[in-house]
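Visitor:
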Amino acid sequence: MAADPKGSSKVKDVVMCLLAIWFVASLIVIVVWATSPDLKGSAQCRSDLRNAEEQLEGAKVVHNKDRVALEELVREAREGQERLRGEILLLLGRINSTNASLEECRQENVVL
123 MAADPKGSSK VKDVVMCLLA IWFVASLIVI VVWATSPDLK GSAQCRSDLR
173 NAEEQLEGAK VVHNKDRVAL EELVREAREG QERLRGEILL LLGRINSTNA
223 SLEECRQENV VL
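In the working numbering, the protein residues as written are 123 to 234.
#1: Do you know offhand how far Ala124's Cα is from Ile152's?
#2: Which residues bound the alpha helix (DSSP H) around Ser223?
#3: Between the C-alpha atoms of Ala156 and Phe145, what's the straight-line distance to the nearest angstrom?
#4: What is the DSSP secondary structure of Ser148, counted as helix, strand or coil?
#5: Relative to the alpha-carbon of Ser158, which residue among Ala165, Ile150 and Cys139 has its alpha-carbon at the smallest distance?
#6: Measure the C-alpha to C-alpha separation of Ser130 and Ala147 and round it to an integer number of angstroms.
#7: Quick check on Ser158: does DSSP put it in helix, strand or coil?
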């Protein structure tokens with residue numbers, strides 16, 4: 123029994139077709155793998171997330187301290203402003219009494 127030349131040719135064509143498909147698929151996998159960005163593992167992502175959360179908590183603490191300090195400065199400035207208002211009113215009262223006294227003296231001098 124001689125081998126069927128048509129049958130072996132057909133098998134050879136099928137094998138060549140399969141090899142060509144395998145080659146193209148391998149080439150696509152290699153190109154995609156070579157050009158894809160490095161993917162982090164889930165452990166690395168969790169670690170990065172934990173670090174970011176710690177930085178956020180630290181920033182919140184600093185923000186709260188700054189806010190408290192600024193509120194204290196505002197309170198002190200308002201107290202100083204109220205104190206100065208009181209002093210201004212006191213000085214205005216003294217100026218008014220001095221003006222009244224000067225006016226009395228001027229009128230006495232006019233009479234004399």
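All C-beta atoms in this analysis are idealised placements derived from N, C-alpha and C, irrespective of residue type, glycine included.
All values reported here derive from a predicted model rather than from experimental measurement.
Guide: Here's the rundown:
#1: Stepping through the sequence shown from its first residue, residue 124 is reached at position 2. Stepping through the sequence shown from its first residue, residue 152 is reached at position 30. At Ala124 the pLDDT is 48, less than 50, meaning the model places this residue with poor confidence; the figure from the coordinates comes in the next sentence. Cα to Cα, the separation comes out at about 43 Å.
#2: Residue mapping note: residue 223 aligns to position 101 of the sequence shown, counting from 1. Its alpha helix (DSSP H) spans residues Ser164 to Val233.
#3: Sequence index remark: in the sequence shown, residue 156 carries index 34 (1-based). Sequence index remark: in the sequence shown, residue 145 carries index 23 (1-based). Near 16 Å, if we compare the C-alpha coordinates of Phe145 and Ala156.
#4: On the sequence shown, residue 148 is found 26 positions in, with the first residue counted as 1. DSSP places Ser148 in helix when its eight states are reduced to three.
#5: Along the sequence shown, one-based indexing puts residue 158 at 36. Taking only the C-alpha atoms, the option nearest Ser158 is Ile150.
#6: Counting from one through the sequence shown, the residue named residue 130 turns up at place 8. Counting from one through the sequence shown, the residue named residue 147 turns up at place 25. Their Cα atoms are separated by approximately 26 Å.
#7: Working through the sequence shown from its first residue, we reach residue 158 at position 36. Coil.
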